[in-house]
Amino acid sequence: MLSGWYDIESASISSTYGATNSSPGTQDAQQTTLGQLASSEIWKELDALTSDNPAGLNLFCQYGVVTELYFLERGLVKLMRTEENGREIIVGLRSPGALLGLAAAIAARPHPFAAVTVTRCRLVRLAAREFIDLLSRDRGLSACVREVLSAEVLEQAERISQIVALPARYRLEQLLWELYRTTTADRESHGRLQLPLRHAETAQLLAITPAYLSNLFRELEREQILRRAKGWIVITKPERLRHPDLED
Numbered sequence: 032m033l034s035g036w037y038d039i040e041s042a043s044i045s046s047t048y049g050a051t052n053s054s055p056g057t058q059d060a061q062q063t064t065l066g067q068l069a070s071s072e073i074w075k076e077l078d079a080l081t082s083d084n085p086a087g088l089n090l091f092c093q094y095g096v097v098t099e100l101y102f103l104e105r106g107l108v109k110l111m112r113t114e115e116n117g118r119e120i121i122v123g124l125r126s127p128g129a130l131l132g133l134a135a136a137i138a139a140r141p142h143p144f145a146a147v148t149v150t151r152c153r154l155v156r157l158a159a160r161e162f163i164d165l166l167s168r169d170r171g172l173s174a175c176v177r178e179v180l181s182a183e184v185l186e187q188a189e190r191i192s193q194i195v196a197l198p199a200r201y202r203l204e205q206l207l208w209e210l211y212r213t214t215t216a217d218r219e220s221h222g223r224l225q226l227p228l229r230h231a232e233t234a235q236l237l238a239i240t241p242a243y244l245s246n247l248f249r250e251l252e253r254e255q256i257l258r259r260a261k262g263w264i265v266i267t268k269p270e271r272l273r274h275p276d277l278e279d
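Count along the sequence shown from 1, add 31, and you get the number used in the numbering used here.
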């Protein structure tokens, strides 16, 4: 997944931020379940089409009719919603193993948000109607989907609770820890990483202002937990970012 330094074009976020992101236990279980689905004969039966896609690609629009589902094999996708007052917010992030558009397809309702690729992504495109038809006939697939959707509901509840109850610094440290943890698979990363979202988007994901996020980064720098250089974040004291009480 990682080559050289942390590569945001092939990144996977397994933190508790976003509609499908969760604590490590549930995230691993979800990816295992959908990974088994992807490696099965179901893809062949559905005439799945795999493609590599650039960052900034709109996969579907808010309130759009569900015609296709997207299984995310590699990369990162953000979910965006625009409210009546025109304010655009990030609902969450989708990492490898997610099946985009699933809930709306099952409910036969329009997409409640838009999906946009944040990094270069490898996606498997599935016809929504064919998938739903197969879902009604295949008990194994049905059980898999129930598990995935149940996990999403629980994970979203955790995210809401953390936004309300946890200090903003804890939420930032948790996000940085999860990003740092992905770099440890590559010994040449030296703790260097890049945020997969723009500064303002990261602040929005953490439910704080961009100015407050800047203050938090400066605070972490003063405590020598990290340093920033030429667009990179270098984690110097990773143990200070980890909060075991927030992990399963």
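The C-beta atom is built at its ideal place from N, Cα and C for all residues, glycine as well.
- Residue range V108 to T113 is occupied by the beta strand (DSSP E) that includes V108.
- Taking the Cα of Y211 as reference, the smallest distance to any Cα among I121, G117, S173 and L257 is reached at L257.
- Runs of alpha helix (DSSP H) with 4 or more residues, each lying fully within the region 211 to 273, are found at 230 to 236 and 241 to 253, listed in chain order.
- Between R223 and T240, the alpha-carbon positions lie close to 24 Å from each other.
- In its chain, beyond the 5 residues on either side, I256 have a beta carbon closer than 6 Å to the beta carbon of K268.
- For S181, the enclosing alpha helix (DSSP H) starts and ends at R170 to A196.
- Counting the other CB atoms within 10 Å of its CB gives H230 a total below 16, which places it among the exposed residues.
- Between A146 and L110 a beta carbon distance of about 6 Å is seen, short of the 8 Å cut, so the two are scored as contacting.
- Residue pairing by DSSP puts D83 in a beta bridge opposite R153.
- Taking the C-beta atoms as reference points, V97 is found nearer than 8 Å to H142.
- Between A199 and L247, the gap from beta carbon to beta carbon is short of 8 Å.
- The residues T148, in chain order, have a CB closer than 6 Å to that of L88 in the same chain once the five nearest residues on each side in sequence are set aside.
- The beta carbon of I194 sits closer than 6 Å to those of A238, all from its chain and outside the five residues before and after it, given in chain order.
- The alpha-carbon separation between L130 and E270 amounts to approximately 33 Å.
- A direct Cα-Cα distance of roughly 20 Å separates E254 from E209.
- When the beta-carbon positions are compared, L180 and L172 stay at least 8 Å from each other.
- A distance of 8 Å or more separates the beta carbons of L185 and L100.
- Y243 and A182 have their C-alpha atoms roughly 31 Å apart.
- The beta-bridge partner set that DSSP reports for V147 consists of N89 and K109.
- Only residues of its own chain outside the window of five on either side were considered, and among them A145 have a CB closer than 6 Å to the CB of C92, listed in chain order.
- DSSP, reduced to helix, strand and coil, places R200 within a helical segment of the structure shown.
- DSSP places L77 outside any alpha helix (DSSP H), giving it a letter other than H or E.
- CA-CA distance, D78 to R160, rounds to 12 Å.
- Each residue's CA atom was taken as its position, placing A188 and E252 some 31 Å apart.
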